[in-house]
Amino acid sequence: GHGLDLPGYKIPVIENLGATLDQFDAIDFSDNEIRKLDGFPLLRRLKTLLMNNNRICRIGENLEQALPNLTELILTNNNIAELVKTLYNFYLLCSVLRNPVTNKKHYRLYVIHKVPQVRVLDFQKVKLKVSLLSFDSAQDGYFFFLLRSCKFIGNSNAVVIDFIETVYPKWL
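First residue of the sequence shown: 1, per the UniProt record's numbering; consecutive thereafter.
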């Protein structure tokens, strides 16, 4: 596929880049000064968007209309503090490593719950079993709920431990 690399150009906003971008299936905006992820024209071909090392703290609400085929959104090392709805519309691979949001309790579970289609989150594979479970995100009872569900699905202790470790390493 064709990619466009624009790293390190100190680009502050995306708007002024225009519809010429629709010839690419991957665009790398890493190492710029972008604060808000929006202003994209309609880019039907774009599948991969690399946004590492920017200052993104806000994500536009109509991102999925502008980028209807986006499957990989890499936002490592930005300033995202909240998981906004747009973030969990359509990605198979998503990274929000080194963003304040990852300090939230149960953040990984929450994302997997909200984005049932996600297969790789922060470069760790999401086990299919996780995405089949549903969580009550208001409760703090994930641990027992997961244990019960795992026993039900796999009924071996090894599976349970491995599964919980994969989903949420801080538990063990």
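Heads up, the beta-carbon is just placed ideally off N, CA and C, and yes, glycines get one too.
Excluding the 5 residues flanking it on each side, lysine 47 has same chain C-beta neighbours closer than 8 Å at Gly1, Asp25, Ala26, Asn69, Leu70, Thr71 and Glu72, in chain order.
Shown here, isoleucine 14 sits in coil according to DSSP, grouped into three states, outside any helix or strand. Nearest C-alpha to glutamine 23 among Val126, Asn54, Gly3 and Glu82: Gly3.
A distance below 8 Å separates the beta carbons of leucine 37 and glycine 60.
CA-CA distance, valine 101 to glutamate 15, rounds to 26 Å. Going by beta carbons, leucine 97 and arginine 119 fall outside the 8 Å limit.
Separation of the CB atoms of serine 30 and proline 12 is rounded to 14 Å, and the pair is thereby denied contact status at 8 Å.
Close CB contacts of phenylalanine 123 within its chain, under the 7 Å cut and outside five residues either way in sequence, are with Ser95 (chain order). Its Cα nearest to that of asparagine 79, the residue Asn99 stands out among Gly39, Lys125, Asn99 and Lys10. Bridge partners of valine 120 according to DSSP: Leu93 and Lys125.
Per the DSSP secondary-structure output, glutamate 72 pairs in a beta bridge with Thr48 and Leu93. In the DSSP assignment, leucine 63 falls within the unbroken alpha helix (DSSP H) covering 63 to 66.
For isoleucine 27, the enclosing beta strand (DSSP E) has its first and last residue at 26 to 28.
Within the same chain, Leu83 and Val101 come within 8 Å of tyrosine 107 by CB-CB distance, once the 5 residues on both sides are set aside.
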